[in-house]
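Per the UniProt record's numbering, the sequence shown starts with residue 1, numbered consecutively.
Where a beta carbon is used, it is the ideal one built from N, C-alpha and C, also for glycine.
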Amino acid sequence: MDVGVVCTGGLGPEKELVASLLSRTEDPDRIFVVAADSGLLLCREYGLTPHLFVGDLDSLPDRSVLHAFPRTEVRIFPRDKDYTDTELAIEALRERGVHRWFLLGGGGGRADQFLGIVSLCIRDFHPEVWLTHREEIRVLREGCRYRIDVQRGDIISLFPLSCRRCRAVTRGLRWPLDSLEWRPGDMGISNEAVEDVVEVMVVEGRYLWVRNLAPV
């Protein structure tokens with residue numbers, strides 16, 4: 001399976017948004033789904049049957065939820081470990097040979113846990129799209145051109161992820177980024193979509209894209 005999904009703990013997006021995201025994959029019926037601990041509750045909410053459950057059961061309020069998925073492989077880990085449940089889920093995708101993956105959940109919780117997931121976006125094997133209850137987050141890579149469906153008026157922010165300068169060419173934003181050279185610590189907060197599609201061509205470096213899904 002080339003495409004994977006990790007459902008992690010915390011608040012996730014609306015069910016309709018998840019269905020729309022997964023329907024755009026080449027073969028929605030062949031997506032490898034991993035539930036990271038209480039992310040199992042999101043699987044249930046979205047009607048997804050996970051192929052694999054990983055976690056230490058510290059955030060799953062009722063272990064009996066596992067019984068609702070008798071075909072799911074279960075890997076339980078000790079609470080004292082060197083990796084988060086989300087990292088364990090990501091490693092399972094690697095083992096499966098997944099090349100593209102989406103992350104669902106991770107919103108509304110502790111700041112350190114949220115930032116921990118953000119740090120995963122710096123790694124080479126990062127989520128293509130990460131959806132929380134309020135945000136759509138993407139990693140935009142050097143040399144790639146992106147056409148992202150949005151709604152006019154959406155608030156979009158961009159942050160450089162590289163340790164060197166970042167440059168991009170954009171279309172569909174109220175304030176284009178074409179003439180800017182960004183360094184670590186720079187940011188573009190609260191830009192605005194003026195078209196239904198935003199185009200970003202990353203000339204140099206890597207960016208974190210954050211689109212607000214809820215009214216600000």
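Please report the distance separating the alpha-carbon of residue i from that of residue j.
{"i": "P70", "j": "R174", "result": "50 angstroms"}
{"i": "T170", "j": "R75", "result": "44 angstroms"}
{"i": "R183", "j": "E204", "result": "11 angstroms"}
{"i": "G185", "j": "A214", "result": "26 angstroms"}
My assumption, with CB atoms under 8 angstroms, is that residue i sits in contact with residue j. Please give the rounded CB distance.
{"i": "G10", "j": "T132", "result": "7 angstroms"}
{"i": "L140", "j": "R206", "result": "7 angstroms"}
{"i": "N212", "j": "R134", "result": "6 angstroms"}
So residue i is in the alpha helix (DSSP H); what residue range does that whole segment cover?
{"i": "I117", "result": "A111 to L120"}
{"i": "T86", "result": "D85 to R96"}
{"i": "G39", "result": "G39 to Y46"}
Measuring CB to CB, does residue i end up less than 8 angstroms from residue j?
{"i": "L208", "j": "C121", "result": "yes"}
{"i": "A89", "j": "V18", "result": "no"}
{"i": "R152", "j": "V202", "result": "no"}
{"i": "L103", "j": "V198", "result": "no"}
{"i": "F114", "j": "G106", "result": "yes"}
{"i": "D56", "j": "D85", "result": "yes"}
{"i": "W130", "j": "V3", "result": "no"}
{"i": "S38", "j": "S64", "result": "no"}
{"i": "F32", "j": "V54", "result": "no"}
{"i": "V210", "j": "I137", "result": "yes"}
Quick check on the DSSP output: the beta strand (DSSP E) that includes residue i runs from which residue to which?
{"i": "A19", "result": "No beta strand (DSSP E) holds A19; the alpha helix (DSSP H) holding it covers K15 to S23."}
{"i": "residue 221", "result": "Nothing in the structure corresponds to residue 221, since the chain is present only between 1 and 216."}
Segments assigned beta strand (DSSP E), at least 3 residues, entirely inside the region 144-189:
Within the region 144-189, the beta strand (DSSP E) runs of at least 3 residues that lie entirely inside it are, in chain order, 145-149, 155-160 and 167-171.
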